[in-house]
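Engineer: Residue numbers (our numbering): 1136 to 1454.
Built from N, CA and C at the ideal position, the CB exists for glycine as well.
What follows is a structure written as structure tokens; I'll ask about it next.
Take a look at the structure:
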């Protein structure tokens, strides 16, 4: 207070760091579509800087020591945090969010149309995607025959088996396929009259023989049936149900059977009647359930020897 002044004292401050350090993280792996990874992802520091300050003292992912992390499971989004501290004690963080989908999507196909028997279709068949699924990134596109959403195929010709492929891709770029095999048979078997002939037998047991041929399309003959034959004097043989309304089918033994074609003959005994007529009903079905039914009216004059004396009229029947 009286004006005395002390000697000057100087003090030098060499280290001042008030700025937090900075950092960025990066991921590495197989990058798919739309920012998704399709492999394991390694997360590491991309940058860690103190911008000329006191310098980085420690850094880590999830702590201040771990330098890398690995994302090995599928995830719709996992965030990792990097921690950094400088020598002055300033700290900071940085983050990265990664998405991983390494799982193929799944799909199934469906078929629709007029169904027959034994897995056969009897008309046009539409093939389309039945199910499509991806639990992580989600389905991007799915179609039959191509990667076009909603693409379908139509089978319009007969085939013993045609395989169709469905294609599916998720938003990460993973792809997969699914298949279905389709059988189509729209052609009914045919019954073709071949001939009607007289054969001499013993005593008065001469007989007439009706020979017909059956053809069918793709698969083996599934059913080979007749109801019965009957003439104006007698009903159906014992154990064979009447042909009325085409019910009560009974197996007909074949004389000759090959793949794709069946030929057989049926004999009718003659007796002392001067004339006779006979109705013969038959039905033939293939494995797909296509059927053809026929009605043959047969007639003859007893003691006739000329084939012109034997006559037949053929009728198509609804099955």
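What's the C-alpha gap between residue 1234 and residue 1157?
Structural biologist: For this step, residue 1234 is matched to residue 99 along the chain shown. For this step, residue 1157 is matched to residue 22 along the chain shown. So the two alpha carbons sit approximately 24 Å from each other.
Engineer: Could you say if the region 1317-1326 and the region 1419-1431 meet the contact criterion of at least three C-beta pairs nearer than 8 Å?
Structural biologist: yes
Engineer: Work out the CA separation of residue 1293 and residue 1448 for me, nearest whole Å.
Structural biologist: Working through the chain shown from its first residue, we reach residue 1448 at position 313. Working through the chain shown from its first residue, we reach residue 1293 at position 158. So the alpha carbons of these two residues sit roughly 32 Å apart.
Engineer: Between residue 1318 and residue 1264, what straight-line distance do the alpha-carbon atoms span, to the nearest angstrom?
Structural biologist: Locating residue 1318 in the chain shown gives position 183, where the first residue counts as 1. Locating residue 1264 in the chain shown gives position 129, where the first residue counts as 1. Looking at the two C-alpha atoms, the distance is approximately 18 Å.
Engineer: Does the Cβ of residue 1140 have 16 or more other Cβ atoms within 10 Å, making it buried, or fewer, making it exposed?
Structural biologist: Position 5 of the chain shown, counted from the first residue, corresponds to residue 1140. The residue is exposed, with fewer than 16 neighbouring Cβ atoms inside 10 Å.
Engineer: Pull up the DSSP beta-bridge partners for residue 1083, would you.
Structural biologist: Absent from the model: residue 1083. The displayed extent of the chain is 1136 to 1454, so no value can be given.
Engineer: Could you tell me the distance, in whole angstroms, from the CA atom of residue 1222 to the CA atom of residue 1191?
Structural biologist: Taking the first residue of the chain shown as position 1, residue 1222 is located at position 87. Taking the first residue of the chain shown as position 1, residue 1191 is located at position 56. Approximately 6 Å, taken between the alpha carbons.
Engineer: Can you name, in chain order, every residue of its own chain whose Cβ lies under 8 Å from the Cβ of residue 1197, other than the five neighbours on each side?
Structural biologist: For the purposes of this step, residue 1197 is taken as residue 62 along the chain shown, with counting starting at 1. Closer than 8 Å at the Cβ level, and outside the excluded window around residue 1197, lie 1204, 1215, 1216 and 1218.
Engineer: Alpha carbon to alpha carbon, how far is residue 1142 from residue 1150?
Structural biologist: Against the chain shown, residue 1142 aligns to sequence position 7. Against the chain shown, residue 1150 aligns to sequence position 15. Using only the alpha carbons, I get a separation of about 26 Å.
Engineer: Pairing CB atoms from the region 1305-1313 with CB atoms from the region 1245-1258, are three or more of them under 8 Å?
Structural biologist: no
Engineer: Report buried or exposed for residue 1296, applying the criterion of at least 16 other Cβ atoms within 10 angstroms of its Cβ.
Structural biologist: As a first step, residue 1296 is located in the chain shown; it is residue number 161 there, counting from the start. An exposed status is given to residue 1296, since fewer than 16 other beta-carbon atoms sit within 10 Å of its beta-carbon.
Engineer: Among 1270, 1199, 1280 and 1162, which residue has its Cα nearest to the Cα of residue 1209?
Structural biologist: The residue given as residue 1209 occupies position 74 in the chain shown. When each option's Cα is compared against that of residue 1209, the closest is 1270.
Engineer: In the DSSP assignment, the beta strand (DSSP E) including residue 1453 goes from what residue to what residue?
Structural biologist: Position 318 of the chain shown holds residue 1453. Premise fails: residue 1453 is in no beta strand (DSSP E) and is neither H nor E.
Engineer: Just the Cα atoms here: how many angstroms apart are residue 1245 and residue 1256?
Structural biologist: To locate residue 1245, count along the chain shown from 1; it is residue 110. To locate residue 1256, count along the chain shown from 1; it is residue 121. Cα-Cα distance, rounded: 13 Å.
Engineer: Consult DSSP for residue 1274 and reduce its assignment to one of helix, strand or coil.
Structural biologist: The residue you call residue 1274 lines up with position 139 of the chain shown. Of the three classes helix, strand and coil, the one that applies to residue 1274 here is strand, per DSSP.
Engineer: Do residue 1162 and residue 1174 have their C-beta atoms closer together than 8 Å?
Structural biologist: Along the chain shown, read from residue 1 onward, the residue named residue 1162 stands at position 27. Along the chain shown, read from residue 1 onward, the residue named residue 1174 stands at position 39. Taking 8 Å as the Cβ cut-off, residue 1162 and residue 1174 do not qualify as a contacting pair.
Engineer: So, with DSSP's three-state summary, where would you put residue 1183?
Structural biologist: Mapped onto the chain shown, residue 1183 falls at position 48. Residue state, collapsed to three classes: strand.
Engineer: Is the distance from the Cβ of residue 1274 to the Cβ of residue 1305 below 8 Å?
Structural biologist: The sequence position of residue 1274 within the chain shown is 139, counting from 1. The sequence position of residue 1305 within the chain shown is 170, counting from 1. Between residue 1274 and residue 1305, the C-beta gap is smaller than 8 Å, which places the two residues in contact.
Engineer: The beta strand (DSSP E) with residue 1305 in it runs from where to where?
Structural biologist: In the chain shown, counting from the first residue as 1, residue 1305 sits at position 170. 1294-1305 is the extent of the beta strand (DSSP E) around residue 1305.
Engineer: According to DSSP, simplified to helix, strand and coil, what is residue 1408?
Structural biologist: Numbered from its first residue, the chain shown carries residue 1408 at position 273. The predicted model places residue 1408 with a pLDDT of 45, which falls under 50 and marks its position as unreliable; any figure quoted below should be read in that light. Note: residue 1408 maps to coil in three-state DSSP.
Engineer: Give me the residue from 1432, 1224, 1315 and 1160 with the minimum Cα distance to residue 1182.
Structural biologist: Position 47 of the chain shown holds residue 1182. The candidate whose alpha carbon is nearest that of residue 1182 is 1160.
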